[in-house]
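As numbered in this note's numbering, residues 113 to 508 make up the sequence shown, in order.
This report refers to the structure that appears directly beneath it.
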Amino acid sequence: MSKLNIALIGAGRRGGGSHLPVIAKLNDIYNLVAICDIDEETATQYAKQYNANPYTNVRDLVEHENIDVVDITVPGVAHHSIACFLADAGIHIICETPIAVTLPTSDMMIECAKKNNIKLEIAENYYRAPKERFLSKVIEADIIGDVARIYRIFYEGGYHGMSMLRLRAGGDPTSALGITQSSPVIPIMDRMKRNHTSENWSLGFIEFSNNATALMVYSNVIHARSLGRGQTGISQIDGSKGTIVGDEIYVTPAEDLQSGAKGIPHRAKRTTIDVDGVDVIEKIELELPDQTVTWENPLRKYPLTEGQIPVADELLSIAKAVLEDIEPEYGTTLARQDQEMNIAMNESGKRSKETILFPLTDLTETEKATHANYEKQYGHPIEDIEAGIDTFFPRR
Ligand SMILES: NC(=O)c1ccc[n+]([C@@H]2O[C@H](COP(=O)([O-])OP(=O)(O)OC[C@H]3O[C@@H](n4cnc5c(N)ncnc54)[C@H](O)[C@@H]3O)[C@@H](O)[C@H]2O)c1
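Below, the structure is given as structure tokens:
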């Protein structure tokens with residue numbers, strides 16, 4: 113099987129720090145040919161480090177390289193412009209989260225991909241973490257029964273948070289209630305080199321078609337673990353038979369059901385193997401008195417740390433889609449839905465906690481503000497793809 117030629121666009125914190133090291137480890141699948149970043153120093157530095165060709169402009173990259181797949185890791189406001197340009201050039205795409213910053217710009221991407229018959233995967237990574245893949249198996253195995261409520265307090269937020277709530281609920285969202293609040297904080301730079309001058313706090317309550325409900329609390333400062341915020345989080349999934357609290361799976365023995373029904377916590381066992389000097393997770397296994405649930409790492413032949421597995425997983429999802437002509441695992445429908453839930457939660461906050469119903473049919477005030485801010489900051493309408501690909505989108 114011949115390898116896929118891949119190029120990365122936007123070698124910033126995510127692209128340079130998380131994606132490039134993983135692409136280098138997947139060298140049986142990918143041949144990294146080029147790195148493009150509008151910042152010349154960044155492009156040159158990473159191209160040298162990874163023995164690839166540097167570019168500072170997407171047009172030049174497409175003109176000079178023979179690329180099968182592009183990994184887009186530029187800021188979210190630029191995703192639709194760069195993705196549509198590449199789709200028009202017939203190149204398959206994996207794009208960082210979110211799919212795009214609003215639903216109309218997401219739809220532009222989806223349309224461009226469809227029109228050009230290219231595969232488009234979005235790099236939603238949270239559900240691909242070994243711990244979450246294992247918990248999906250626990251829920252599928254009916255260990256806690258039907259999921260009724262999900263609490264994710266002080267964990268990931270926005271579209272990432274919504275993605276986890278939707279996955280755990282196992283249904284389609286029907287309504288969203290949001291409370292949002294913004295308050296100043298002293299200027300800080302967090303451990304991921306992100307600047308914050310305000311705390312943007314949100315609470316989301318989502319109802320699903322199967323009667324499950326979910327509650328999420330998030331803020332950028334909590335997520336950054338800065339200023340002492342968010343040092344403890346609550347991740348709890350309540351089912352009809354048991355509960356998952358963090359890493360503990362509570363199951364009630366049959367003989368105790370009518371005498372207190374106190375759940376007993378069980379912890380899964382993790383095993384690792386050494387692959388080229390890296391401690392690689394091999395499997396996560398939960399042994400219950402009458403049942404065993406096992407998640408085996410399908411990528412265990414690669415020297416990937418646990419944090420790198422989700423990134424490798426999404427890169428392999430687009431490779432598989434291209435090579436086998438199938439749809440990528442997460443894909444645009446779920447990516448759009450998770451962004452729609454995120455927008456609805458913010459819109460509800462804006463409209464004084466009005467409950468928003470799905471699907472969203474009109475352009476929300478939240479999206480109108482995003483489009484207006486974009487135009488004010490970059491001097492062209494957000495739909496102007498040609499202008500977008502030549503624009504420098506600075507770090508937040
Ligand atoms: N999945 C996750 O957990 C996760 C985490 C962090 C960031 N992200 C996503 O990753 C993406 C990048 O975020 P980041 O924090 O690395 O941003 P960043 O600002 O650190 O990096 C972006 C890079 O893109 C370059 N760039 C800007 N405009 C360009 C253009 N027109 N052409 C080519 N290059 C251009 C910049 O020079 C910069 O090096 C965003 O979409 C973000 O939402 C996802």
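For each residue, glycine too, the CB sits at the ideal point set by N, CA and C.
Keep in mind that this is a model prediction, so the values were computed, not measured.
Query: 4 or more residues per run - each alpha helix (DSSP H) lying fully within the segment 213-270; Result: 215-227, 242-252
Query: Exposed unless 16 or more other CB atoms sit within 10 angstroms - verdict on G340; Result: exposed
Query: Contact check, V170 vs I203, beta carbons under 8 Å; Result: no
Query: CA nearest to the CA of P296, picked from F320, Y263, N332; Result: N332
Query: L475 burial status per 10 Å Cβ neighbour count (16 or more: buried); Result: exposed
Query: Contact between the segment 253-263 and the segment 298-310 (3+ Cβ pairs under 8 Å); Result: no
Query: From I230, P422, V186, residue whose alpha carbon lies closest to that of I201; Result: Here residue 201 is Ala; the residue named in the question, Ile, does not match the sequence. The shortest C-alpha separation from A201 is found at I230.
Query: Unbroken beta strand (DSSP E) run spanning S294, endpoints; Result: 285-301
Query: Exposure label - S218; buried when at least 16 CB within 10 Å; Result: buried
Query: Nearest candidate by alpha-carbon position, reference E223, set F470, P242, C196; Result: C196
Query: Beta carbon of I150 nearer than 8 Å to that of F504; Result: yes
Query: Residues sharing a beta bridge with L173, DSSP; Result: DSSP lists no partner for L173.
Query: Residue interval of the alpha helix (DSSP H) (run including E399); Result: Looking at the DSSP string, E399 is not in any alpha helix (DSSP H); the run it does join, the beta strand (DSSP E), is 390-400.
Query: Beta-carbon proximity of L116 to T185, cut-off 8 Å; Result: no
Query: Unbroken alpha helix (DSSP H) run spanning Y486, endpoints; Result: 477-490
Query: Continuous beta strand (DSSP E) stretch holding D183: start and end; Result: 181-184
Query: Contacts around Q403, its chain only, beta-carbon distance under 8 Å, and the 5 residues preceding and following it disregarded; Result: A253, I255
Query: Whole-number beta carbon distance between A456 and A288, since they are thought to touch under 8 Å; Result: 4 Å
Query: Burial state of S460, where buried means 16 or more other Cβ atoms lie within 10 Å; Result: buried
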